[in-house]
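*Asks:* These protein sequence lines are chains S and U, in that order.
Counting along the first sequence from 1, when you hit position 153 you're at 197 in this note's numbering, and nothing is skipped either side.
Counting along the second sequence from 1, when you hit position 82 you're at 126 in this note's numbering, and nothing is skipped either side.
Yeah, the Cβ is synthetic: ideal placement off N, Cα and C, and Gly gets one too.
This structure is in structure tokens; I'll ask about it shortly.
Protein chains: 2
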Amino acid sequence: MSYTYKHPHPAVTVDCVVFGLDEADLKLLLIQRDVEPFKGRWALPGGFVQPEESLEQAARRELIEETGLTRLYLEQLYTFGEPGRDPRERVISVAHYALVKLADHNLRAASDAVDVAWFPVAELPKLAFDHEKIVEVALKRLKAKVRYEPIGFELLPEKFTLGELQRLYEAVLEQPVDKRNFRKKILGTELLDALDEYQQDVAHRAAQYYRFNRARYEQLKKRGFNFEL
Amino acid sequence: MSYTYKHPHPAVTVDCVVFGLDEADLKLLLIQRDVEPFKGRWALPGGFVQPEESLEQAARRELIEETGLTRLYLEQLYTFGEPGRDPRERVISVAHYALVKLADHNLRAASDAVDVAWFPVAELPKLAFDHEKIVEVALKRLKAKVRYEPIGFELLPEKFTLGELQRLYEAVLEQPVDKRNFRKKILGTELLDALDEYQQDVAHRAAQYYRFNRARYEQLKKRGFNFEL
DNA sequence: TCAAAAGTGTTAACCATACACCCATGC
DNA sequence: GCATGGGTGTATGGTTAACACTTTTGA
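Structure follows, in structure tokens:
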């Protein structure tokens, strides 16, 4: 089977920069390539766009196939298309970035048996193709976006404490945050619902749980409200 | 001549949303299609990416070929790839947006004799393909970006008055701006050099000319300064 | 009783906003 | 002399930033 065109057509792929957060720090999901080129190297999950699917659908499909991850926040990032970025043929990669609630999801062994693993963003291995460049752009975007859109919640479980939320911002922004000012500001937005629930079995005062009120956010946004941390 | 691949490959194009500013308002550059599909409709300038050029190079080449525009600010916007957005075949379009100093440039008759024209963004004709959607995304991006990066200057000639600069922001943001506060803020950034030059032959007090100091901006940015209007 | 994180208020500096009048020029 | 846009200062309110101690709990 083959496909013929009158003009040269590049191949088009989607690649996904998947972020997760655990107790320690911000993590990035990588898969180990089991074919040439870059066999053995770690790389971003991704693959070719099929004729009948949108770019976002392609990204979601690849994530399910390669990592089992589903139901995550996904957004287009940037398109990388330098000639020569893939040694085989001209490949245009529409990069996406995704945020996943690490606590809720379990990484399934990938269907095609390649290795999948989370790496702290500060300690990434050498990556295949131009994937280091893509990760750099994704990190920059995440840092910028987390300040003016409430996307950070996509990294936390449904219920979380203010301490967890603060650690999230500190991990993403890579700078410390004043606890009192942070709490005032985030509670001031009225986007968090306090639950009648507290931590259990912790070796310190139990923190109250909160939940992000997405409906309220959409409502406020319509009225011209702007989230900003 | 033909090109054959083992897997289906979409076509890849670049499309450009080109903004310009004249005395009256913000304008958008469109070309009139002289081939099917959408023959006769107005559309964004753009075309197929060639095998040996980067996406940005492709965008610049198309702009020169179709409009004669050169030396403009150009940035990737978003990639549109819904199946069916082009009735002929699957086409992935990497959209860019560009800002051009209307006063400095003259629109050349396009090489392939199609019509080229500037339209006020508020009065656009019906566009080909999904180009209306692309323009909408570009306008949103421009509005957002002009507030936290000094890209507005790309729409003005080298020398401009503060009044012209203010009208630029009012046109892009679609809201009035307080003159005194605007001047305080913009001069406070120290990004403008006042020139020893004034308007000539105007029927009112002659305004002083200013110039954007790009070197100073780059310098300040390195030290963590953030432009914001 | 110690360690560890939760929770809470006040002050001072700064910044954003609102607002009105005089100036220079050409017609 | 009038119409047009250029140019300027101040007061007020709101926002941010800096900062330290008490509480609860399990080990």
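#1: When the cut-off is 7 Å and only beta carbons count, does U:V41 lie next to chain S?
#2: Kindly identify the DSSP beta-bridge partner or partners of S:P164.
#3: Does any C-beta atom of chain S lie closer than 7 Å to the C-beta of U:K50?
#4: Which of the residues in the region 122-141 of chain S, read from start to end, lie with their CB under 7 Å from any CB of chain U?
#5: Find the residues of chain S that neighbour U:E80, judging by a C-beta separation of less than 8 Å, and give them in chain order.
#6: Could you compute how far the alpha carbon of S:L217 sits from the alpha carbon of S:R260?
#7: Do U:L239 and U:E198 have their C-beta atoms closer together than 7 Å?
#8: Interface residues of chain S around U:F92 at Cβ under 7 Å?
#9: Whose C-beta lies closer than 6 Å to the C-beta of S:E126 among residues of the same chain, with five residues either side of it excluded?
#10: For the region 252-266 of chain S and the region 52-64 of chain U, state whether three or more C-beta atom pairs, one from each stretch, are separated by less than 8 Å.
#11: I'd like to know if the region 107-120 of chain S and the region 132-146 of chain S are in contact, where contact means that at least 3 CB-CB pairs between them fall below 8 Å.
#12: Mind listing the chain U neighbours of S:L118? Cutoff is C-beta to C-beta under 8 Å, in chain order.
#13: Roughly how far, in whole angstroms, is the beta-carbon of U:V58 from the beta-carbon of U:G90, given that I think they are within contact range, below 8 Å?
#14: Under 7 Å between beta-carbons, which chain U residues line up against S:E96? List them in chain order, please.
#15: Where do the N-terminal and C-terminal ends of the alpha helix (DSSP H) with U:G232 fall, by residue?
#16: State yes or no: is the beta carbon of U:L99 nearer than 7 Å to at least one beta carbon in chain S?
#17: Taking only three categories from DSSP, how would you classify S:Q252?
#18: Considering only C-alpha positions, which residue in the set U:A172, U:H149, U:E100 is nearest to U:K83?
#19: Around the Cβ of U:H248, are there at least 16 other Cβ atoms within 10 angstroms (buried) or fewer (exposed)?
#20: Taking only the alpha-carbon atoms, compute the straight-line gap between U:D130 and S:L107 and give it to the nearest angstrom.
#21: Cα separation between U:L236 and S:I178?
#22: Report all residues from its chain with a CB closer than 6 Å to the CB of U:P95; omit the five preceding and five following residues, and keep chain order.
#23: Mind pulling the chain U residues with CB within less than 8 Å of S:Y47?
#24: Check for me: the beta strand (DSSP E) holding U:T123 runs from which residue to which?
#25: May I ask you to report which of helix, strand or coil DSSP gives S:A215?
#26: If you drop the 5 nearest sequence neighbours on each side, which residues of the same chain put their C-beta closer than 7 Å to that of S:E193?
#27: Kindly indicate which residue of S:A55, S:G232, S:K145, S:Y49 has the alpha-carbon position closest to the one of S:L72.
#28: Which same chain residues, not among the five before or five after U:E133, have their C-beta less than 8 Å away from its C-beta?
#29: Please report the distance separating the alpha-carbon of S:L168 from that of U:P52.
#30: Closest by CA to S:G207, which one among S:Y253, S:L74, S:F269?
#31: Label S:V246 either buried or exposed according to how many other C-beta atoms from any shown protein chain fall within 10 Å of its C-beta, with 16 as the threshold for buried.
#32: Rank U:L99, U:R85, U:E100 by C-alpha distance to the C-alpha of U:H175 and give the top, closest one.
#33: Check for me: the beta strand (DSSP E) holding S:T57 runs from which residue to which?
#34: Just how far apart, CA to CA, sit U:T205 and S:T114?
#35: Go ahead and label U:V165 buried or exposed: buried means 16 or more other beta carbons lie within 10 angstroms of its beta carbon, across all protein chains shown.
#36: So what does DSSP say about U:H175, is it helix, strand or coil?
*Replies:* Based on what the coordinates show:
#1: In the structure displayed, chain U extends from 45 to 273; residue 41 of chain U sits before or after that span and is not available.
#2: S:K71
#3: yes
#4: Y122, T123, G125, E126, P127, R134, I136, V138
#5: Near U:E80 there are no residues of chain S at all, since even the closest Cβ is about 16 Å away, more than 8 Å.
#6: The alpha-carbon atoms of S:L217 and S:R260 are separated by roughly 25 Å.
#7: no
#8: Result: H51.
#9: So the list is empty, once near-sequence residues are dropped.
#10: Not touching, per the Cβ criterion.
#11: yes
#12: What S:L118 touches in chain U: nothing, since even the nearest Cβ is about 14 Å away.
#13: 5 Å
#14: Within chain U, the C-beta atoms nearer than 7 Å to that of S:E96 come from P127, in chain order.
#15: 223-232
#16: yes
#17: Strand, per DSSP.
#18: U:A172
#19: exposed
#20: 27 Å
#21: 34 Å
#22: Counting only Cβ-Cβ distances below 6 Å, and skipping sequence neighbours, we find nothing.
#23: Neighbours of S:Y47 on chain U, chain order: T48, Y49, K50, H51, P52, H53.
#24: Note, U:T123: beta strand (DSSP E), 117-124.
#25: helix
#26: F271
#27: S:K145
#28: P54, A55
#29: 33 Å
#30: S:Y253
#31: exposed
#32: U:R85
#33: 55-65
#34: 53 Å
#35: buried
#36: helix
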